[in-house]
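Q:
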């Protein structure tokens with residue numbers, strides 16, 4: 102899952118990124134509202150963690166702008182504004198959940214998991230498709246009741262496909278979802294990961310759509 106973290110406190114942003122890395126999220130960080138809106142218009146994300154006290158454009162305005170464009174992207178608001186009226190304003194502006202600073206990392210992770218489940222129409226955290234089960238909380242993958250060991254990138258890629266069965270992803274989109282804005286990504290990195298997934302699971306787990314990209318069929 103690719104998360105956009107919009108937070109102008111560098112130490113807090115670094116701490117959140119470190120905390121979410123073991124959960125196999127790809128976390129890209131921006132420190133101001135203007136760049137956040139630009140990124141959201143041009144990049145694929147699965148959720149946003151949004152601070153309200155931002156430079157250039159206030160986080161509340163970022164939130165309203167996202168919703169004005171019709172986006173249903175899950176948004177978790179982080180803020181030091183703990184008055185009830187502030188929370189109501191944020192929720193009315195389109196926030197899906199609200200976490201007041203300071204907060205426990207475990208609660209942040211739990212709220213993020215809940216938002217992602219709801220956005221995918223899941224009643225539980227377990228992803229299932231074509232005989233494969235993936236538990237986002239334990240990061241355990243099984244196929245036909247056999248536990249399968251995957252690398253971090255393979256797991257991230259598989260989770261994207263299982264979260265959106267039937268959706269065709271281009272290679273460029275998958276690269277951004279799996280690697281974010283990291284540099285020095287090999288041009289054939291996605292092909293290599295897909296090859297490994299096919300070998301570890303079964304050849305038809307991910308289908309090539311010639312000239313477009315890849316898809317995990319629903320059945």
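Residue numbers (our numbering): 102 to 320. Beta carbons are placed, not taken as given, at the ideal position from N, Cα and C, and that holds for glycine. A quick note: this is a predicted structure, and the numbers were derived from the prediction, not measured.
In whole angstroms, what is the alpha-carbon distance linking residue 163 and residue 116?
A: Each residue's Cα considered, the two are about 23 Å apart.
Q: How would you call residue 146, buried or exposed, if buried means at least 16 neighbouring beta carbons within 10 angstroms?
A: When all chains shown are included, residue 146 counts as buried.
Q: Compute the Euclidean distance between the alpha carbons of residue 228 and residue 263, then round it to the nearest angstrom.
A: The alpha-carbon atoms of residue 228 and residue 263 are separated by roughly 7 Å.
Q: For the beta strand (DSSP E) containing residue 178, name the first residue and the last one.
A: Segment 176-180, the beta strand (DSSP E) holding residue 178.
Q: Would you check if the segment 156-171 and the segment 309-317 touch, i.e. whether three or more CB-CB distances between them fall below 8 Å?
A: Result no; under three Cβ-Cβ pairs closer than 8 Å.
Q: Determine, using beta carbons only, whether residue 286 comes closer than 8 Å to chain B.
A: Protein chain content of the structure displayed is limited to a single chain, and chain B is not contained in it.
Q: Over what stretch of residues does the alpha helix (DSSP H) that includes residue 296 continue unbroken?
A: It spans 290-301 - the alpha helix (DSSP H) in which residue 296 sits, taken as one unbroken run.
Q: Look up residue 274 in the DSSP assignment and say whether it is helix, strand or coil.
A: Residue state, collapsed to three classes: helix.
Q: Does the pairing of the segment 241-261 with the segment 198-213 give three or more beta-carbon distances under 8 Å?
A: No, the segment 241-261 does not touch the segment 198-213.
Q: Using the Cα positions of residue 153 and residue 271, report the straight-line distance between them to the nearest angstrom.
A: Approximately 33 Å between the Cα atoms of the pair.
Q: Whole angstroms are fine: how far does the CA of residue 320 sit from the CA of residue 203?
A: Looking at the two C-alpha atoms, the distance is approximately 44 Å.
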